[in-house]
Each structure stands twice: as C-alpha cells, then as structure tokens.
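Here's the structure, in structure tokens; my notes come after.
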C-alpha cells in the first residue's frame, strides 16, 4: 500500500531542484538579445511570474539576469511606441517601470549607435574579485578614413584619437559609478546613468556633419566633460529631430495651461506599460502545456497579494 501511494504521489513544481526550475524559466527566453526599441512585447515580464511570490522572484531573477537587453539609439523603433518617444525616452520609461528591485537584477545591457556600440556587464557584487561594472566599447564601422573632421578640431585630432578617448572616458565613468555604488545593488538611477554615459559620447562620435562639429570634442583627460549640447541641438541624428511630434506629450510650459490630471490621462493612453490584470487560471496563462501539470500543484496557487505585487512593478 505504501508503494502504491508513493507511486501516485505527484511532484509539484517547487519540489524540483532550483537548477531544474531555472531551466523552466529559461524556456521563456526565446531570443539571445532583446531589442527594447524594436521588441516592446518581449520586455514585458513573463506570465509565469504571476503564479506566486516565490515563482515570481525566481523567474524574474532569470528573466532580467540572463537576458541581454539592447537599446538601439539610431532612432529606429517599433510602431507600437508613441511617435514622439525617442530611444532614450523608451529606455528611461522602461527602467523606471521595472523599478529598483528589477533594475538590480540586470546583468547585460548594451547600446547600439551609428558608429559605435557599448556593452555593460554588471555583477551582483558577491564576488569581490569581479568588477561591479565592466564597460566594453566597440567601433561598428571600418571606413573611418572617409569621415570628415571639423575644421576647429585641435591639432592631431583624428577619428582614431576620438574613438580611443571615447573608450577611456566610458571606462572611467563606469569605474567611478562602481565605486559610488559599492556593495549595494544598482538601482534605477544607476542604470539610467549608464545610458547617460553613452549618450554623452554620441555627439562627439557623430559623423553626420563631421566629427567634432559644434565643438563636440573629447578631451584627453577622461574626467573632463564633453561639450556636446550645441551639437545635440543642431544635429538631426543626435537630437532625434526626425521623430514625429504629432503625439508630443503636453508640456506645462506651453501657453495654454494643462492640468496635471490631463497630462496623467495622456500618459495612460500612450504608455505601453499598463497595469496587469488579475491573476488568471493556469489554463489561460501563456504557459506551455507540458508545464501545466507541474504548475497546477497546490504549492503554486496564486497568492492573493500577487495583483498588488505585479502592479507595484508596472507603471502606467
């Protein structure tokens, strides 16, 4: 009788070893890279994260920690995003939407631009021998000989010099941020600062009107800031002036005063980060059928507070 009861005993999902559960969570990782600007549906948290508190924590550790997120800063984006949003706007809203808890889970974040790319590798800080933030700079074009240099460039300033200094500036700023962070986890502000580092290099490495146009030169001292704002204000590429302003967000500075409630209503209509619905039965979740029998065990019953937990990490 004991043997029969043992044979009939079911194995629930949380009874499996952590390594097996992580493999299940990796099933939802169907792309080697997630392009934030081109794949708005793929940056949404997986449905399995709504099962319970424990499954949510484990699945999001894998989703944000194992996936490689990339921001294409060349101005191309999916049509699902509001027309007035620039790539930096999209990245900023996404990072703020996931919150500090999930921003701390990010391990691989990359930025792709016209002439260069930047890849950040972020460690958890548990291994003292591993740097917290590793920045890799890569040139994406080989025909730099054909690029023009601004007439006001300093003596000896070439494309090769600009690229080398850009890499030095990037590594210097990433190292300074790692020192400020110390042993704590990276938060929303820290991840956004990584994006600002890349954006600060963009005007200095832009070749649309000649490298160094409008005084956007990179100094030899990596602690010196890049004077790139005049370039950003005048360059269609760096300033994203090709982005349509048809759906531009109302500004409090416009002549016709707009109430804050009206601005909030506009945000709700145009934001893809909408609050999730109540947890649904397992049969209606987007979970592969072979997993349903495992996930339907009593230990995986939806937590009554899972709705508030989900909404806490989704911003309208």
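Numbering (my numbering), first residue to last: 14 to 329. The C-beta atom is built at its ideal place from N, Cα and C for all residues, glycine as well. These numbers come from a predicted model, not from an experiment.
Output needed for residue i: all residues of its chain with C-beta closer than 8 Å, excluding positions within five of it in sequence on either side, in chain order.
i, result
"residue 191", "144, 145, 146"
"residue 33", "none"
"residue 71", "31, 34, 35, 38"
"residue 200", "113, 116, 117"
"residue 203", "116, 190, 194"
Using DSSP with H/G/I as helix, E/B as strand and the rest coil, what is residue i?
i, result
"residue 222", "coil"
"residue 172", "helix"
"residue 104", "helix"
"residue 84", "strand"
"residue 56", "coil"
"residue 48", "strand"
"residue 61", "helix"
"residue 111", "helix"
"residue 96", "coil"
"residue 195", "coil"
"residue 253", "coil"
"residue 233", "coil"
"residue 289", "Caution applies to residue 289, whose pLDDT of 39 falls short of 50 and renders its modelled position unreliable; the model cannot decide the point."
"residue 117", "coil"
"residue 177", "helix"
"residue 90", "coil"
Can you list, in chain order, the residues of its chain whose CB lies under 7 Å from that of residue i, leaving out five sequence neighbours each side?
i, result
"residue 227", "243, 244, 247"
"residue 29", "none"
"residue 298", "Since pLDDT at residue 298 reaches only 38, below the 50 mark, its modelled position is unreliable, and no value is offered."
"residue 130", "123, 124, 151, 153"
"residue 186", "210"
"residue 126", "86, 87, 215"
"residue 44", "55"
"residue 251", "215, 216, 219, 244, 245"
"residue 166", "225, 230"
"residue 340", "Lying outside 14 to 329, the shown extent of the chain, residue 340 is not represented and no answer is given."
"residue 241", "213, 216, 217, 229"
"residue 118", "73, 74, 77, 78"
"residue 148", "131, 133, 183, 184, 187"
"residue 170", "162, 225, 230"
"residue 205", "105, 108"
State the start and end residues of the unbroken beta strand (DSSP E) segment that holds residue i.
i, result
"residue 25", "Residue 25 -> no beta strand (DSSP E), and no H or E assigned at all."
"residue 69", "Per DSSP, residue 69 belongs to no beta strand (DSSP E); it is in the alpha helix (DSSP H), 66-79."
For residue i, collect the residues of the same chain with a Cβ closer than 6 Å to its Cβ; drop the 5 residues on either side in sequence, then sort them by chain order.
i, result
"residue 68", "none"
"residue 81", "46, 121"
"residue 163", "223, 225, 226"
"residue 55", "47"
"residue 207", "133"
"residue 180", "150"
"residue 51", "91"
"residue 136", "143, 145"
Spell out the partners DSSP gives residue i in its beta bridges.
i, result
"residue 151", "130"
"residue 125", "85, 130"
"residue 162", "224"
"residue 146", "135"
Any heavy atom of the ligand NAP closer than 7 Å to the Cβ of residue i?
i, result
"residue 53", "Among the components modelled here there is no ligand, and therefore nothing to report on the ligand NAP."
Got a sec, what are the start and stop residues for the alpha helix (DSSP H) residue i sits in?
i, result
"residue 31", "31-39"
"residue 205", "201-214"
"residue 243", "242-247"
Assess contact between the stretch 57-75 and the stretch 100-107, defined as three or more Cβ pairs (one per stretch) separated by less than 8 Å. Is contact present? no
Counting Cβ pairs closer than 8 Å, one from the stretch 220-235 and one from the stretch 191-211, do we hit at least three? no
Taking contact to mean 3 or more Cβ pairs, one atom from each stretch, closer than 8 Å, check whether the stretch 213-230 and the stretch 174-182 are in contact. Short answer: they touch.
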